[in-house]
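**Q**
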Amino acid sequence: INITAPDGWSKADTSIRGYRTILMMSEQEGPSDMFKENINVLAETIGTMNMDSYWDLTVKNMEKMLTNYKLKEVKEITVDGEAAKSLDYTHEMQGYKIDVNAVVVIKGGKAYVITSSIEGGKMEKWRKDIDKTVASFHVD
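For the sequence shown, my numbering gives the first residue as 1, with consecutive numbering after it.
#1: Give every residue of the same chain whose Cβ lies closer than 6 angstroms to the Cβ of Leu71, excluding the five residues on either side of it in the sequence, and list them in chain order.
#2: Could you check the C-alpha separation between Tyr96 and Ile118 for me, to the nearest Å?
#3: Assign Ser26 to one of two classes, buried (16 or more other C-beta atoms within 10 Å of its C-beta) or exposed (fewer than that).
#4: What residue ranges within the segment 76–131 form continuous beta strand (DSSP E) runs of no fewer than 3 residues, ordered along the chain?
#5: Between the beta-carbon of Val105 and the beta-carbon of Thr58, is there less than 8 angstroms?
#6: For the alpha helix (DSSP H) that Thr58 lies in, which residues bound it at each end?
#7: Return yes when the Cβ of Ile1 is within less than 8 angstroms of the Cβ of Lys11, no when it is not.
Structure (structure tokens):
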């Protein structure tokens with residue numbers, strides 16, 4: 001997996017609960033900034049599951065697991081030459097309102113989920129960086 005982090009962000013390639021994960025995190029914007037914006041990529045083997053089945057399962061899980069989940073927008077996009085879906089939503093975690101963009105790409109029997117978590121109300125500030133990072137995503 002290749003993906004370029006926004007300028008000034010840290011990037012780590014790791015494994016979380018057995019899934020390959022890439023974590024990217026913003027720098028603290030100042031002493032009052034208590035939330036570090038982040039983008040992560042999770043790779044999950046799904047075999048022959050198609051986009052619609054994986055998407056439905058993913059959205060149902062978010063609706064169940066996330067506090068105050070609210071869907072904002074779903075779009076069909078292209079990432080790394082593949083049809084992909086992009087979902088904007090909000091939820092709350094540990095007292096923070098979070099704006100999220102999640103992109104699902106299925107390629108070679110794997111689902112790649114690129115999730116951008118942004119402090120509530122700041123998505124438009126970071127949208128160009130998120131779009132540029134998603135556009136840089138490539139599977140060898």
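We put the beta carbon where it would ideally sit given N, CA and C, even for glycine.
Fair warning: this is a prediction, and the values are worked out from it, not measured in the lab.
**A** So, from the listed chains and residues:
#1: The residue labelled residue 71 in the question sits at position 71 within the sequence shown. Only Tyr89 meet the Cβ criterion.
#2: Here residue 96 is taken as the residue at index 96 of the sequence shown, counted from 1. Here residue 118 is taken as the residue at index 118 of the sequence shown, counted from 1. Each residue's CA atom was taken as its position, placing Tyr96 and Ile118 some 10 angstroms apart.
#3: Within the sequence shown, residue 26 is the residue found at index 26, counting from 1. Burial call: buried.
#4: 82–93, 96–107 and 110–119
#5: Here residue 105 corresponds to residue number 105 of the sequence shown, with the count starting at 1. Here residue 58 corresponds to residue number 58 of the sequence shown, with the count starting at 1. No, the pair does not count as a contact, with Cβ atoms beyond the cut-off.
#6: Here residue 58 corresponds to residue number 58 of the sequence shown, with the count starting at 1. Segment Met51 to Met65, the alpha helix (DSSP H) holding Thr58.
#7: Taking the sequence shown and counting its residues from 1, the one referred to as residue 11 is at position 11. Taking the sequence shown and counting its residues from 1, the one referred to as residue 1 is at position 1. No, Cβ-Cβ distance for Lys11 and Ile1 is not below 8 angstroms.
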